[in-house]
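Read the structure below first, then the notes.
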Amino acid sequence: MTDRVVRSARSADAASLLDLIRRHASFEQTTAHLNENDLKLVLDSRQPPVHLIVAEEGGKLVGYAALTFDFALWTASRFAYLDCLFVRAGARGRGIGRLLFDHACQMADEAGAQRIEWQTPAWNADAIRFYEREGGAGQLKMRFSKALPAQRMQKP
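Residue numbers (the numbering used here): 117 to 272.
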């Protein structure tokens, strides 16, 4: 069995992590507009806007998760949002997604979040089965977005 490590991403991971991010965007039929320099700024930030977690197998990055924190007014509670969870196609089915998910849940719990939320495309049946096995419950809600005037990503 190959050694697996799940850890916080660091600046030296930027190129490999960006490759995973782009593969993830392509899988979800979109494009990632992030570049390596912007990613390094996030990774080097003292107060990053997102917590990036990576999974290594045999010394190579094979997956990542992105976690942010927010506050729910109606329940007056802090929650974590799992913005991304992705495992490279050739590494799926070996428990790496579960390791990343568990690490994100632990990080959220330690940060005082009362729950963790996430979403996945309705067509991603494999992800839906995975999340249901992990105790997730689907919530019917329509997600909307609106493009705002072009702004550069705020540098951390």
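We put the CB at the ideal spot given by N, CA and C, even for glycine.
Considering residue i, what are the terminal residues of the alpha helix (DSSP H) in which it resides?
i	result
Leu-216	212–226
Arg-249	241–249
Glu-152	152–160
I need the DSSP call for residue i, collapsed to helix, strand or coil.
i	result
Lys-271	Because Lys-271 sits at a pLDDT of 48, beneath the cut-off of 50, its placement in the model cannot be relied upon, and the following sentence gives the value as read from the coordinates. In this structure, Lys-271 counts as coil in the three-state DSSP scheme.
Ala-131	helix
Val-166	coil
Leu-188	Residue 188 is actually Ala in this sequence, not Leu. Residue state, collapsed to three classes: strand.
Phe-195	strand
Arg-120	strand
Ala-253	coil
His-149	coil
Arg-139	helix
Please look up how many angstroms separate the CB atoms of residue i and residue j, rounded, as I've assumed it's under 8 Å.
i	j	result
Ala-130	Leu-177	About 10 Å separates the two Cβ atoms, so there is no contact after all.
Ala-229	Ala-181	Going by Cβ atoms, the distance from Ala-229 to Ala-181 rounds to 14 Å, so no, they are not a contact pair.
Arg-123	Val-170	6 Å
Which one or two residues does DSSP pair with residue i in a beta bridge?
i	result
Gly-179	Ala-171 and Val-203
So, residue i versus residue j, is the Cβ gap smaller than 8 Å?
i	j	result
Leu-150	Ile-137	yes
Ala-224	Ile-232	yes
Arg-259	Gln-222	no
Ala-220	Leu-189	no
Ala-207	Gly-251	no
Ala-125	Leu-183	no
Establish whether the CB of residue i and some CB of chain C are separated by less than 8 Å.
i	result
Arg-123	This model lacks chain C altogether; it includes just one protein chain.
How far does the beta strand (DSSP E) with residue i in it extend, from its first residue to its last?
i	result
Glu-233	232–234
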